[in-house]
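Asker: Numbering (our numbering), first residue to last: 101 to 429. No residue lacks a Cβ here, since even glycine has one placed at the ideal position from N, Cα and C. Every value quoted in this text rests on a predicted model; they were computed, and no experiment measured them.
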Ligand SMILES: [Zn+2]
């Protein structure tokens with residue numbers, strides 16, 4: 101599922117089905133704009149969490165994080181709580197949402213479940229210690245061990261998290277902190293300001309075992325960098341990513357009206373087409389043509405293109421056209 105059937109967002113399916121053979125996602129994307137049903141993404145998160153508990157393999161959480169940030173987070177309208185059925189990732193798509201009583205689909209139901217338990221996979225434990233899998237501000241109270249953990253972070257706007265330990269008596273325990281697969285150079289961990297003398301390996305856990313005292317602080321830095329991922333069957337069709345985040349090009353809301361954003365189906369892009377320009381750029385050295393906009397968090401702008409485009413994380417384009425895949429020559 102995650103390698104042969106999932107798009108870059110972690111989502112899968114098209115029109116509630118798989119329309120082509122495995123690993124032909126570029127071909128599948130051309131068949132319909134009703135891509136990546138939200139139930140599929142949500143249920144894959146449940147399955148991932150279940151499988152993870154058998155092995156504690158951190159790769160499961162690379163997938164989980166990818167799907168959580170890029171598919172699930174944006175699939176709710178923050179103004180009214182309406183959720184999506186399909187998250188379309190065809191060029192120049194826009195989000196369509198269910199309504200309270202005229203369009204209410206399976207995914208609107210799972211959406212209610214999903215957004216009520218965003219906190220249920222941040223931490224896990226075995227007999228001895230705690231696994232920190234996601235960088236989300238939260239508090240953990242492990243009553244049996246008498247230890248509390250407070251995670252302070254604005255991730256992903258800042259690629260860092262801080263764990264503050266609260267324990268009435270000193271407690272010996274390992275913490276296993278997930279070092280994501282996407283992490284760049286210079287990842288590091290500090291305990292009470294002091295650099296931990298192990299270089300973190302992307303896609304693994306960094307384990308710190310010691311006797312923790314009240315107020316101890318663990319700081320984890322996970323620098324992000326820009327990179328691309330191509331369709332398995334089309335090497336020049338690529339998505340742009342920054343850390344775990346799929347970047348979406350912003351194409352404005354001209355021509356969209358309230359009727360067009362009502363589901364259940366995805367956007368009717370064929371009826372309302374918009375040309376997405378190919379990027380005249382290399383899929384390597386993205387830093388040379390994709391620049392962060394100063395003062396705007398996680399916002400980038402292309403340079404040197406026929407028509408330059410601003411890109412932001414996919415969950416941050418609630419009400420306009422966007423593009424996830426590009427032709428990169
Ligand atoms: Zn559904």
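What did DSSP end up calling residue 371 once you bin it into helix, strand or coil?
Answerer: Coil, per DSSP.
Asker: With a threshold of 7 Å (Cβ to nearest heavy atom), would residue 167 be considered close to ligand 1?
Answerer: Because no heavy atom of ligand 1 lies under 7 Å away, the Cβ of residue 167 does not count as near it: no.
Asker: Report all residues for which the CB-ligand distance to some heavy atom of ligand 1 is below 7 Å; order them along the chain.
Answerer: This selection yields 137, 138, 139, 185, 205, 206, 207, 210.
Asker: According to DSSP, simplified to helix, strand and coil, what is residue 165?
Answerer: Residue state, collapsed to three classes: helix.
Asker: DSSP three-state label for residue 383, please.
Answerer: In the structure shown, residue 383 sits in coil (DSSP, three-state: anything other than H, G, I, E or B).
Asker: By the DSSP assignment, the beta strand (DSSP E) with residue 142 in it spans what residues?
Answerer: Element bounds for residue 142: not the beta strand (DSSP E) but the alpha helix (DSSP H), 138-155.
Asker: What beta strand (DSSP E) runs, 3 residues minimum, are completely inside the region 265-328?
Answerer: Listed in chain order, the complete beta strand (DSSP E) runs (minimum 3 residues) inside the region 265-328 are 271-279, 288-291, 304-312, 317-321.
Asker: Considering just the uninterrupted stretch of the alpha helix (DSSP H) at residue 212, what are its terminal residues?
Answerer: Looking at the DSSP string, the run of the alpha helix (DSSP H) that includes residue 212 is 206-214.
Asker: Compare the beta carbon distance of residue 340 and residue 347 with 8 Å and say whether it is the shorter of the two.
Answerer: Going by C-beta atoms, residue 340 is nearer than 8 Å to residue 347.
Asker: Out of 415, 385, 413, 393, state which residue places its alpha-carbon closest to the alpha-carbon of residue 428.
Answerer: Taking only the C-alpha atoms, the option nearest residue 428 is 385.
Asker: Would the beta-carbon of residue 120 fall within 8 Å of that of residue 369?
Answerer: Contact: no.
Asker: For the pair the region 126-142 and the region 155-163, tell me if three or more CB-CB distances fall below 8 Å.
Answerer: Not touching, per the Cβ criterion.
Asker: Since residue 210 and residue 142 should fall inside the 8 Å C-beta cutoff, what is the C-beta to C-beta distance between them, to a whole number of angstroms?
Answerer: With 8 Å as the limit, residue 210 and residue 142 qualify as a contact, their Cβ atoms being about 5 Å apart.
Asker: Check this for me: beta carbons of residue 422 and residue 350, under 8 Å apart or not?
Answerer: In contact: residue 422 and residue 350 (Cβ atoms closer than 8 Å).
Asker: Determine, using beta-carbon pairs with one atom in the region 233-250 and one in the region 160-167, whether at least three such pairs fall under 8 Å.
Answerer: Yes, the region 233-250 is in contact with the region 160-167.
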